[in-house]
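Residue numbers for the sequence shown follow UniProt numbering, so the first one is 1 and each next one is one higher. All residues carry an ideal CB built from backbone N, CA and C; glycine is no exception. First up is the structure itself, then whatever we jot down about it.
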Amino acid sequence: MPHLHFTHEPLSVILPAVRAALTEAGEVNFTVPDPDAGLGLYAGETTAQGIHRPWQTWADLADLLGAHLLTPERVGEGRVRVRLRTYKDAPAPDADGYGAAGAWVRVDKLEDPVFLFTLVEALRRVNPPAGGRVLALGVNAGRELDALALAFPNRTFEVVGVDLDETALAAARARHPHASFRVLDVTTLPAPDLGRFDLVLALSLLQSPSIRQDVLLRALRRDHLTPTGGLILGFPNARYRDGFLSYGARLRNFARPDLSLLTADVTAAHRGLQKHGFKVFVTGKYEVLVTAIPAKLPTPGDLEL
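Laid out in structure tokens, this is it:
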């Protein structure tokens, strides 16, 4: 395994050296100034041990180069050993679809701290009333519905979840026995028998190939929202690589993230909802959340988990 030692080298030297070592061996160790010793400094400022860089630099470098950041080790006064190991060439968890037999059932997005924080914040912005109705589109196994109890520990809701996969809905029913779940293709909305809702959730759904965002949002606005109801729309900005949540939306056949489709979809949703009388908030990181509430309503405070 290659062992490298860096003190005052610029990142433009470190990056290709680490990449070459990873390409050769699949794993690399290198020593650098201890980031803890430079707390408060900016990346690139000099310490007695060399150029300071925070841990986030090495985490970002690892993901950029397609590698796990392994547990580092202290190797003397003011220095640490950073270890990277290349991601395995494993299929994405949704490669076999989103049913109960696929790997997607292993994914719990509420274990991403930014998603957890921003989803609870978004739920509290919409602020559905106690006993209100919640519609979850593309609900899958219903894990994200756990956030309702986190955001509103003293409220209960009438929850309706819809999805195309019956095996996923079976898992959702087991997880949320008091909610109602049904097989439904969201491209067929509006569905008069569904009724109206105080909150509509559509997470990681709107960029599906068969869905026209403008058509679906129009159906939701006109036929499925109460006058004071709001929406939370999630747009993925990441993919899973060997179990790791890797930042950046990727176009098909693109090796690196390209955010053009993401920004176009988020902008279109933002403009369309504003045009139709909503206040719109855009938050998140690995999943960008677009939260819309009627413009006539005050924005609630005390949003944080």
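With a threshold of 16 other CB atoms inside 10 Å of the CB of Ala147, please say whether the residue is buried or exposed.
Label assigned to Ala147: buried.
Option in Glu121, His3 and Leu11 with minimal Cα separation from Val80: Nearest C-alpha to Val80 among Glu121, His3 and Leu11: His3.
- Quick one: is Arg53 buried, meaning 16 or more other Cβ sit within 10 Å of its Cβ, or exposed? Arg53 comes out buried.
> Taking the alpha helix (DSSP H) that Glu121 falls in, what are its first and last residues?
Replying inline: Pro113 to Val126 is the span of the alpha helix (DSSP H), which, as asked, contains Glu121.
With which residues is Leu225 paired in a DSSP beta bridge?
-> For Leu225, which the question treats as bridged, DSSP gives the partners Phe197.
(message) Can you give me the C-alpha to C-alpha distance between Arg19 and Tyr286, rounded to a whole angstrom?
(response) Each residue's CA atom was taken as its position, placing Arg19 and Tyr286 some 24 Å apart.
Can you tell me where the alpha helix (DSSP H) with Ala25 in it begins and where it stops? Counted as a single uninterrupted DSSP element, the alpha helix (DSSP H) harbouring Ala25 occupies residues Leu11 to Ala25.
Measure the C-alpha to C-alpha separation of Pro113 and Val120 and round it to an integer number of angstroms.
One Cα belongs to Pro113, the other to Val120, and the distance between them is close to 11 Å.
Under the assumption that Gln207 contacts Asp265 (Cβ atoms under 8 Å), give the Cβ distance between them as a whole number of angstroms.
6 Å between Cβ atoms; contact.
Next on the checklist: Taking only three categories from DSSP, how would you classify His270?
Outcome noted: If DSSP states are grouped into helix, strand and coil, His270 belongs with the helices.
### Residue from Gly50, Asp94, Ala202 and Gly161 whose Cα sits closest to the Cα of Gly142
Nearest option by C-alpha distance: Gly161.
| query | Taking the alpha-carbon positions, what's the Val159 to Ala292 distance? | reply | Approximately 19 Å, taken between the alpha carbons.
Out of curiosity, what's the CA-to-CA distance linking Val82 and Leu11? Approximately 14 Å between the Cα atoms of the pair.
* Separation of Arg221 from Tyr247, as counted between CA atoms -> About 31 Å.
Report task. Spatial neighbours of Thr57 within its chain, please: CB distance less than 7 Å, with the 5 preceding and 5 following residues excluded, ordered by chain position. Result -> Close CB contacts of Thr57 within its chain, under the 7 Å cut and outside five residues either way in sequence, are with Ala43 (chain order).
### Residue of Ala269, His8 and Thr86 minimising C-alpha distance to Asp242
The candidate whose alpha carbon is nearest that of Asp242 is Thr86.
**Q.** Phe115 versus Ile232 - alpha carbon distance
**A.** Approximately 13 Å between the Cα atoms of the pair.
### Query
Leaving out five residues before and five after residue 306 in sequence, what residues of the same chain have Cβ atoms less than 6 Å from its Cβ?
Here the chain covers residues 1 to 305 and nothing more, so residue 306 does not appear.
Do the segment 120-139 and the segment 250-262 touch if we need at least three Cβ pairs shorter than 8 Å?
Contact between the segment 120-139 and the segment 250-262 is absent, because fewer than three Cβ pairs lie under 8 Å.
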